[in-house]
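Using the working numbering, read the sequence shown as starting at 230 and increasing by one per residue.
Note that the Cβ used here is the ideal one computed from N, Cα and C, for glycine as well.
Computed from a predicted structure; not experimentally measured.
The block underneath contains the structure these notes are about, expressed in structure tokens.
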Amino acid sequence: MKKKGQAIRNAIKGVLFCALAAGVLLCANFVLKLKSIDGCYVAQMFYRQPPDTVDVVFIGSSHIYTDVNPAILWEEFGMSAYDLAGSNQPLWNTYYYMKEAIEEQTPDLVVIDIYRAIEMNDVIDDARIAMNTMGLKFGENRTESILASVADEEDAMNYILGIPVYHAKYESLTEDDFKRYNGDPNGTDYKGFNENCVSTTYFESFSDMSTITDTLPITKKSEEYLEKIIDLAKETDTQLLLMVSPYQGIMPSDKMIYNRVREIAEEHGVAYVDFNDRYNEMGLSPMTDCAESSHLNYYGSEKFSLYLGRYLKNRYSIEDHRGDEAYRTWERNAEHYTRLRRNFEARNTEDLGELLTLLLENEDYTFCVSADGLYDYGELDVKEIFASHGLKIEEGAVMVVEHGDVIFYADDKTEGGYQFHLDLGTKTLVIDGKPREVKDPLTGEVTEQMEKSVKLGPVNSVTTPHGINILIYDDYTKDFPDCAGFNALESYKKIRY
């Protein structure tokens, strides 16, 4: 009996050890796995979409997740769309993404970005292999995509297992790695769009490729997988559109390769469109709509997404699901984007009065205003602008406004100095005002002046010494959309560090 009892105890210990080990590995995998928004996270979240609700899937390179905004397609057309893309995704990875998308969601339309048809190599770098394969769930498509990507099949096992590739990630962990959905407040409503493309690069013009009709061949491997993509669409009775998203830096050689893709599409009776031929129709401006030469910024993405939505609606039967509770996740994603759009607008608003209006009308914002130096200088009546928004501002003023209410105010007339601390996300806003005596070297008169300090943690948040400085915190995204100054000596031009 004793031996039998000991055997049972040993068995229980063994089961508990295995369960504990499995739990540790699962936790380690959750924390350490690659969750980059330029590939892995986009694929991982595709599996969190409600079953059989994704009608349109956009697949391809970063041109998809920066240029095609599903929130716009939903708001304007009721399309339930998802951006399933990865950075510099070659056509062999696109093929397996397409297989996975059809097996998971059976979409009505698959739109393939063929930008990386310009890829001249049969193997891309390790980081791009990881971004374009390791977001897929364990299975045949992930394995085959990895095997198609690596130069040596012996290297494939590291990507298949995953942990050997990202085991050293602990050295660069951030707080978001420990949060659900990587800290994204959008959660499972995420649709693959990268809202971080907020910068603007100014160009005098878009590249005109309209006169280029010659072709260049695509590589044998890329053509093989393009044929596979077309065959898969026919085998599964899935509508297919091949497209090139617009980008300023298109080269003549790119256009010639796209012309060859168009020939292949025509040979197979597949729809094809190069949106680089339609800048004017879309209303795109090279001065305002480019993040850089390869991607649109959020202004450009909204224009392109509106045009793309109309293009698809005119050619395909895509149901409008607005008002359908089963598609509520797309409605919430659009609401999420609306809140982010306000952050984009706040960052890009150059007019002080307009910025105050935007901040005060939206309850998500907490912001700090600091009046410094010659803050009320020239033709602009700063005091009147603030008064028209129900706020007062005096010399040396500093105020904190939370959800439209002033929760702290001080200026140079505040007796005894002041101190204010406010936790904003993971950082602390620290405001200090210390009176100090200043002696006039000519008259010997001693006066009291306020020495003001406004910092976000250890970092000074005062951008201009003369004018109005504003630090903005968004309670929804838990981030700081902007920290900028309106320089009174330059007609209140908006500046940053």
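Of the candidates N591, F637, D593, L584, the residue whose Cα lies closest to the Cα of S617 is L584. Secondary structure at M511: helix, using DSSP grouped into helix, strand and coil. Straight-line spacing of the CA atoms in A626 and S599 works out to 6 Å. The beta carbon of G714 sits closer than 6 Å to the beta carbons of T692, T693, G696, N698, I724 from its chain, once the five residues preceding and following it are set aside; these are given in chain order.
The three-state secondary structure of Q477, taken from DSSP, is coil. Taking the CA atoms as reference points, P336 sits about 22 Å from M363.
Between the region 429-439 and the region 455-462, the count of C-beta pairs closer than 8 Å stays below three; the two stretches do not touch. For I331, the three-state secondary structure derived from DSSP is helix.
The region 499-509 and the region 367-386 do not touch, with fewer than three beta-carbon pairs separated by less than 8 Å. In the three-state DSSP reduction, N698 falls in the strand class (E or B).
Membership of C712 in the beta strand (DSSP E) is indicated by the continuous run 708-716. Distance between T517 and L390, taken at the CA atoms: about 44 Å. Setting aside the 5 residues that flank it on each side, L588 is surrounded in the same chain by Y594, F596, each with a C-beta closer than 6 Å to its C-beta; the list follows chain order.
Per DSSP, the continuous alpha helix (DSSP H) segment holding S530 begins and ends at 527-544.
By the Cβ-count criterion, E304 is buried, with 16 or more other Cβ atoms from all chains shown falling within 10 Å of its own Cβ. Secondary structure at A520: coil, using DSSP grouped into helix, strand and coil. Check the Cα spacing between D354 and each of I375, D704, D296: the tightest is with I375. Taking R277 as the centre and dropping the five residues before and after it, the same chain places the C-beta of T417 closer than 6 Å to its C-beta, in chain order.
Around Q648, the same chain offers D661 as residues with beta carbons nearer than 6 Å, after the five sequence neighbours per side are excluded.
Secondary structure remark: continuous beta strand (DSSP E) runs of at least 3 residues inside the region 556-642, in chain order: 594-601, 627-631, 634-639.
Setting aside the 5 residues that flank it on each side, L718 is surrounded in the same chain by H695, each with a C-beta closer than 6 Å to its C-beta; the list follows chain order.
Following the DSSP letters along the chain, one finds Q648 in no alpha helix (DSSP H) but inside the beta strand (DSSP E) bounded by residues 647-653. Under the rule that a run must span 4 or more residues, the alpha helix (DSSP H) segments found entirely inside the region 280-323 read 291-296, 299-306. A346 counts as buried, since no fewer than 16 other beta carbons sit within 10 angstroms of its beta carbon. For D337, there is no enclosing beta strand (DSSP E), as DSSP gives it neither H nor E. Taking 8 Å as the cut-off, the Cβ atoms of L469 and V297 do not count as close.
For S682, DSSP records a beta bridge to D661.
Only buried fits Y325, as 16 or more other CB atoms lie within 10 angstroms of its CB.
For A359, the enclosing alpha helix (DSSP H) covers residues 355-362. For M349, the closest alpha carbon among the candidates Y294, D483, Q334 is that of D483. As computed with DSSP, Y501 is found in a beta bridge with L471.
In the three-state reduction of the DSSP assignment, I724 falls in the strand class. Residues of the same chain with a CB within less than 7 Å of the CB of R489, apart from the 5 flanking positions on each side, are T444, L445, P446, I447 in chain order. Between the region 542-561 and the region 312-329 there are fewer than three inter-stretch CB-CB distances shorter than 8 Å, so the stretches are not counted as touching. Residue pairing by DSSP places K449 opposite no residue, since no beta bridge is assigned to it. In this structure, the CA atom of V379 is about 11 Å from the CA atom of A356.
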